[in-house]
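Student: Numbering (UniProt numbering) for the sequence shown: 1 to 110.
In this text, a Cβ means the ideal position worked out from N, Cα and C, and glycines have one as well.
Dumping the structure here so I can ask a few things about it.
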Amino acid sequence: MSVTDDEMNQLLAASRTYTLMVLRDGPAMGSAETPGLIWEHGRRNLGLKGEGRMPVVCAVDDDTDLCGVAVLDMDLDEARELMEGDPGVRAGIFTYELHTTRSFPGSVLR
1 MSVTDDEMNQ
11 LLAASRTYTL
21 MVLRDGPAMG
31 SAETPGLIWE
41 HGRRNLGLKG
51 EGRMPVVCAV
61 DDDTDLCGVA
71 VLDMDLDEAR
81 ELMEGDPGVR
91 AGIFTYELHT
101 TRSFPGSVLR
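Structure (structure tokens):
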């Protein structure tokens with residue numbers, strides 16, 4: 001598919017700021033509390049997805065310390081507050097990084 005300069009300029013003008021969250025293993029990953037806390041973390045994420053605040057949620061299932069990535073529809077400060085309240089983060093099961101990013105409203109996974 002070819003995109004003209006005009007189309008590209010229109011798309012870029014419609015882009016907006018989001019926060020990218022990267023989730024990694026924390027020091028308490030593998031503790032006795034890990035399974036239950038991961039379950040509650042997932043429940044919380046699905047609630048945030050349903051509210052539209054975490055429109056993209058991806059669990060990573062490989063042999064690295066990367067646990068997941070998500071796109072948050074909020075600024076960095078709100079995202080930091082949100083993540084500090086995550087049960088897995090509070091318990092040290094997860095650590096996280098936040099990055100400002102730009103994307104296009106209405107983007108979907110297929």
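1) Going by the CB atoms, is the gap between Thr19 and Arg102 shorter than 8 Å?
2) Compute the distance between the beta-carbons of Asp73 and Arg53, then report whether it is under 8 Å.
3) Going by C-alpha distance, which of Met29, Thr34, Ala70, Val22 is nearest Asn45?
4) If you drop the 5 nearest sequence neighbours on each side, which residues of the same chain put their C-beta closer than 6 Å to that of Ser95?
5) Roughly how many angstroms lie between the CA atoms of Glu40 and Leu82, to the nearest whole one?
6) Can you list, in chain order, the residues of its chain with a C-beta nearer than 8 Å to that of Ala79? Leave out the 5 residues immediately preceding and following it.
7) Just to confirm the assignment: which complete alpha helix (DSSP H) runs, minimum length 4, are found wholly within the stretch 37-103?
8) Considering Cα atoms alone, identify which of Val56, Asp86, Pro87 is closest to Arg110.
9) Please report the residue range of the beta strand (DSSP E) in which Leu23 lies.
Tutor: Concretely, from the data shown:
1) In the sequence shown, the residue the question calls residue 102 occupies position 102. In the sequence shown, the residue the question calls residue 19 occupies position 19. No, the pair does not count as a contact, with Cβ atoms beyond the cut-off.
2) Reading the sequence shown from its first residue, position 73 is the one you call residue 73. Reading the sequence shown from its first residue, position 53 is the one you call residue 53. With contacts defined as CB atoms closer than 8 Å, Asp73 and Arg53 qualify as a contacting pair.
3) As a first step, residue 45 must be located in the sequence shown, where it is residue number 45. The shortest Cα separation from Asn45 among Met29, Thr34, Ala70, Val22 belongs to Ala70.
4) Numbered from 1 along the sequence shown, position 95 holds the residue referred to as residue 95. A small correction: the amino acid at residue 95 is Thr; Ser does not occupy that position in the sequence shown. Only Arg24, Gly26 meet the Cβ criterion.
5) For the purposes of this step, residue 40 is taken as the residue at position 40 of the sequence shown. For the purposes of this step, residue 82 is taken as the residue at position 82 of the sequence shown. Distance between the alpha carbons of Glu40 and Leu82 is about 14 Å.
6) Translated into the one-based positions of the sequence shown, residue 79 becomes position 79. If we look at Ala79 and ignore the five residues flanking it on each side, its Cβ neighbours are Thr19, Met21, Leu72, Leu98.
7) As far as the stretch 37-103 is concerned, its whole alpha helix (DSSP H) runs of at least 4 residues are 76-84, 87-90.
8) Here residue 110 corresponds to residue number 110 of the sequence shown, with the count starting at 1. Ranking Val56, Asp86, Pro87 by Cα distance to Arg110 puts Val56 first.
9) Taking the sequence shown and counting its residues from 1, one reaches residue 23 at position 23. Secondary structure note for Leu23: its beta strand (DSSP E) is the uninterrupted segment 16-25.
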